[in-house]
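Visitor: I'd like to ask some things about the structure below.
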Amino acid sequence: MNIYTLIILFVIIVVYLIETTAELFNVKNISNNIPPEFDGYFDREKYSKAQEYLKANTKFSIISSTFFLTAQIIFIVSRGFNYVNTIAVSFGFETVLTGLVFAGIIFFAFEILKIPFSAYSVFVIEENFGFNRMNVKTFISDLLKSWIITAVIGAVIFAAVLWLFANVCGHAWLYAFATIVIFELFITFIAPVAIMPLFNKYTPLEDGELKNSVEEYAKKENFKMKGLFKMDGSKRSAKSNAFFTGFGRFRRIVLFDTLIQKHTVDELTSILAHEMGHFKLGHIVKHIIFSFVLSGIMLFVFSLLIDKVWLYDAFFMRTQPIYAGIIFFSFLYTPASLIISTVSNYFSRKHEYEADFYAVATYKKPQAMINALKKLSVDNMSNLYPHKFKVFLEYLHPPVMERIKAINRAVSSEKSKNFSVY
Numbered sequence: 001m002n003i004y005t006l007i008i009l010f011v012i013i014v015v016y017l018i019e020t021t022a023e024l025f026n027v028k029n030i031s032n033n034i035p036p037e038f039d040g041y042f043d044r045e046k047y048s049k050a051q052e053y054l055k056a057n058t059k060f061s062i063i064s065s066t067f068f069l070t071a072q073i074i075f076i077v078s079r080g081f082n083y084v085n086t087i088a089v090s091f092g093f094e095t096v097l098t099g100l101v102f103a104g105i106i107f108f109a110f111e112i113l114k115i116p117f118s119a120y121s122v123f124v125i126e127e128n129f130g131f132n133r134m135n136v137k138t139f140i141s142d143l144l145k146s147w148i149i150t151a152v153i154g155a156v157i158f159a160a161v162l163w164l165f166a167n168v169c170g171h172a173w174l175y176a177f178a179t180i181v182i183f184e185l186f187i188t189f190i191a192p193v194a195i196m197p198l199f200n201k202y203t204p205l206e207d208g209e210l211k212n213s214v215e216e217y218a219k220k221e222n223f224k225m226k227g228l229f230k231m232d233g234s235k236r237s238a239k240s241n242a243f244f245t246g247f248g249r250f251r252r253i254v255l256f257d258t259l260i261q262k263h264t265v266d267e268l269t270s271i272l273a274h275e276m277g278h279f280k281l282g283h284i285v286k287h288i289i290f291s292f293v294l295s296g297i298m299l300f301v302f303s304l305l306i307d308k309v310w311l312y313d314a315f316f317m318r319t320q321p322i323y324a325g326i327i328f329f330s331f332l333y334t335p336a337s338l339i340i341s342t343v344s345n346y347f348s349r350k351h352e353y354e355a356d357f358y359a360v361a362t363y364k365k366p367q368a369m370i371n372a373l374k375k376l377s378v379d380n381m382s383n384l385y386p387h388k389f390k391v392f393l394e395y396l397h398p399p400v401m402e403r404i405k406a407i408n409r410a411v412s413s414e415k416s417k418n419f420s421v422y
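Pasting the structure below:
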């Protein structure tokens, strides 16, 4: 085993230990005290159940991450990549097709390993805590659909990047970057009409008080959209959510049917005002730009490493095919991704605060927003006392207690007019 292999394994293990530490800190931070803000929302029995849900998910997360870390290490040190490459090359295809076979074998091998864990999560944990609505048929159907979609989209991007690096001299990374940007924008536009309906049924929201309230608010805010839709989220889970999807004339608002059942019109409109705030404040565009810049940097760095023999030696490869280099680079990206995601999550939490204030300032019903946050937390059994390290490392949204306190502070001091807590 060479020094490069040891360094890569060391980095992977360190990342695992950091993430596991965050999980352990988080579960140890559980408090038996129900916050006064949740009086009338959480009773003692339901609150205890939410704590048990957190413990069950934490235990499951640590077990599954430990398993896959072990599987990765065994696969690397047993020269698994070289063995898979031998199989891929044996078909006698040209470089791009050989690369697709190589990547496909690895992808489906790990996807198959994930099946028992996914099934346990759905049919044991989610079932035991009253969330699961999915049957085996739907589970298998979703699995196959996601495999096909991921394989098709992944194959197109992988093949394009591989062909460019194999055939274009000089600035191949720049052409690959342009290709990825165009393709991702295309997927963003067509996903709401071509991909998402493969998994859920979307029906126009029926006429009534809710539709009138949302349309009136959207008109006041000059927010144009394709329409309001209800999604059959209850087909899979009792959890609830709402989101925006698409751009331009494909932009639409989607509400889970479970969300509509549990919230008042004012609460639902506040939730959607929050989501509209993300668009009006430019959060979505900023996220996309950040994603594209990150992709460009990754491709540039990859272009510097693609011909380095040590990269292939670290994974016990006897040859240096570009398609293998793409896979190996993802392992080198592991520590960087932890840092990048931590920074990205910080700005995501900041944007959530800003969207909260936008909703409060424009819809002018802060209590409805607060009530909606409380109900969502209770219905989804959210952790009311997450550890700061867990929040810092992984949380896309601020803890609900912090959001409620921030809204109350902003309203009392009229800071909501600035749409920011910073």
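So the sequence shown is numbered by full-length UniProt numbering: it starts at 1 and just counts up by one. The beta carbon of each residue, even a glycine, is placed where N, CA and C say it ideally should be.
1. Do I322 and F107 come within 9 Å of each other at the CB atom, strictly closer than that value?
2. On the premise that M231 lies in contact with L255, defined as a C-beta separation below 8 Å, what is that separation, rounded to the nearest angstrom?
3. Using 10 angstroms around the beta-carbon of R44, count the other beta-carbons present and answer buried if the total reaches 16, otherwise exposed.
4. Return the CA-CA distance between V101 and I112, expressed in angstroms with no decimal places.
5. Could you give the residue range of the alpha helix (DSSP H) that holds R44?
6. What is the C-beta distance between H283 and A359, in whole angstroms, given that I count them as a contact (C-beta under 8 Å)?
7. Give me the Cα-Cα distance between S90 and T334, rounded to the nearest whole angstrom.
8. For G227, list the residues DSSP reports as bridge partners.
9. With DSSP as the reference, please indicate the residues paired to Y202 in a beta bridge.
10. Report the partner residues of N132 according to the DSSP bridge assignment.
11. Report yes if the C-beta distance between I62 and E23 is below 9 Å; otherwise report no.
12. Look at A372 and H278 and say whether their C-beta atoms are less than 9 Å apart.
13. According to DSSP, simplified to helix, strand and coil, what is F302?
14. Going by alpha carbons, who is nearest to I297 out of L198, L311 and L174?
15. Could you spell out the range, first to last residue, of the alpha helix (DSSP H) harbouring L347?
16. Residues in its own chain within less than 6 Å of I30 by CB, not counting five upstream and five downstream?
17. Would you call the stretch 126 to 138 and the stretch 346 to 358 in contact, with 3 or more CB pairs under 8 Å?
18. Exposed or buried, K224, counting other C-beta atoms within 10 Å across all chains shown (16 or more means buried)?
19. Assuming the contact rule is C-beta atoms closer than 8 Å, A160 and A172 should be a hit. Round their C-beta distance to whole Å, please.
20. Buried or exposed: where does G130 fall if 16 or more other Cβ atoms within 10 Å of its Cβ makes it buried?
21. With 16 as the cutoff for other CB atoms within 10 Å, does F328 come out buried or exposed?
22. Would Y217 and Y363 qualify as a contact pair, given that the criterion is a beta-carbon distance under 9 Å?
23. Should H351 and L268 be called a contact, given that it needs their Cβ atoms to be closer than 9 Å?
24. Inspect the beta-carbon positions of V411 and K374 and report whether they are closer than 9 Å.
Guide: In short:
1. Walking along the sequence shown from the start, residue 107 turns up at place 107. Walking along the sequence shown from the start, residue 322 turns up at place 322. The Cβ-Cβ distance between F107 and I322 does not fall below 9 Å.
2. If you number the sequence shown from 1, residue 255 lands on position 255. If you number the sequence shown from 1, residue 231 lands on position 231. So it is a contact: roughly 7 Å between Cβ atoms.
3. Taking the sequence shown and counting its residues from 1, the one referred to as residue 44 is at position 44. By the neighbour-count rule (16 or more Cβ atoms within 10 Å), R44 is not buried but exposed.
4. Your numbering for residue 101 matches position 101 in the sequence shown. Your numbering for residue 112 matches position 112 in the sequence shown. So the alpha carbons of these two residues sit roughly 16 Å apart.
5. As a working mapping, residue 44 is identified with position 44 in the sequence shown. In the DSSP assignment, R44 falls within the unbroken alpha helix (DSSP H) covering R44 to V77.
6. Looking up residue 283 in the sequence shown gives position 283. Looking up residue 359 in the sequence shown gives position 359. Incorrect: roughly 13 Å between the Cβ atoms, too far for contact.
7. The residue given as residue 90 occupies position 90 in the sequence shown. The residue given as residue 334 occupies position 334 in the sequence shown. About 31 Å.
8. The residue you call residue 227 lines up with position 227 of the sequence shown. Bridge partners of G227: R252.
9. On the sequence shown, position 202 is the one that residue 202 refers to. In the DSSP secondary-structure assignment, Y202 is bridged to M231.
10. Reading the sequence shown from its first residue, position 132 is the one you call residue 132. Partner(s): S237.
11. For this step, residue 62 is matched to residue 62 along the sequence shown. For this step, residue 23 is matched to residue 23 along the sequence shown. Yes. Within cutoff.
12. If you number the sequence shown from 1, residue 372 lands on position 372. If you number the sequence shown from 1, residue 278 lands on position 278. Not a contact, by the Cβ cut-off of 9 Å.
13. Translated into the one-based positions of the sequence shown, residue 302 becomes position 302. F302: helix per DSSP, three-state reduction.
14. Here residue 297 corresponds to residue number 297 of the sequence shown, with the count starting at 1. When each option's Cα is compared against that of I297, the closest is L174.
15. The residue given as residue 347 occupies position 347 in the sequence shown. Sequence inspection shows Phe at residue 347; the Leu mentioned does not correspond to that position. Start and end: I322 to Y363.
16. Here residue 30 refers to the residue found at position 30 when the sequence shown is read from its first residue. If we look at I30 and ignore the five residues flanking it on each side, its Cβ neighbours are Q51.
17. no
18. As a working note, residue 224 is residue 224 in the sequence shown. With fewer than 16 Cβ atoms within 10 Å of its Cβ, K224 is classed as exposed.
19. Within the sequence shown, residue 160 is the residue found at index 160, counting from 1. Within the sequence shown, residue 172 is the residue found at index 172, counting from 1. That pair is no contact at about 11 Å.
20. Mapped onto the sequence shown, residue 130 falls at position 130. Exposed, since its Cβ has fewer than 16 Cβ neighbours within 10 Å.
21. Counting from one through the sequence shown, the residue named residue 328 turns up at place 328. It is buried - the Cβ of F328 has at least 16 other Cβ atoms within 10 Å.
22. Reading the sequence shown from its first residue, position 217 is the one you call residue 217. Reading the sequence shown from its first residue, position 363 is the one you call residue 363. Note that the C-beta distance between Y217 and Y363 is below 9 Å.
23. As a first step, residue 351 must be located in the sequence shown, where it is residue number 351. As a first step, residue 268 must be located in the sequence shown, where it is residue number 268. Cβ distance not < 9 Å, so H351 and L268 don't count as in contact.
24. Position 411 of the sequence shown holds residue 411. Position 374 of the sequence shown holds residue 374. Judged by beta-carbon spacing, K374 lies beyond the 9 Å limit of V411, meaning their Cβ atoms are not closer than that value.
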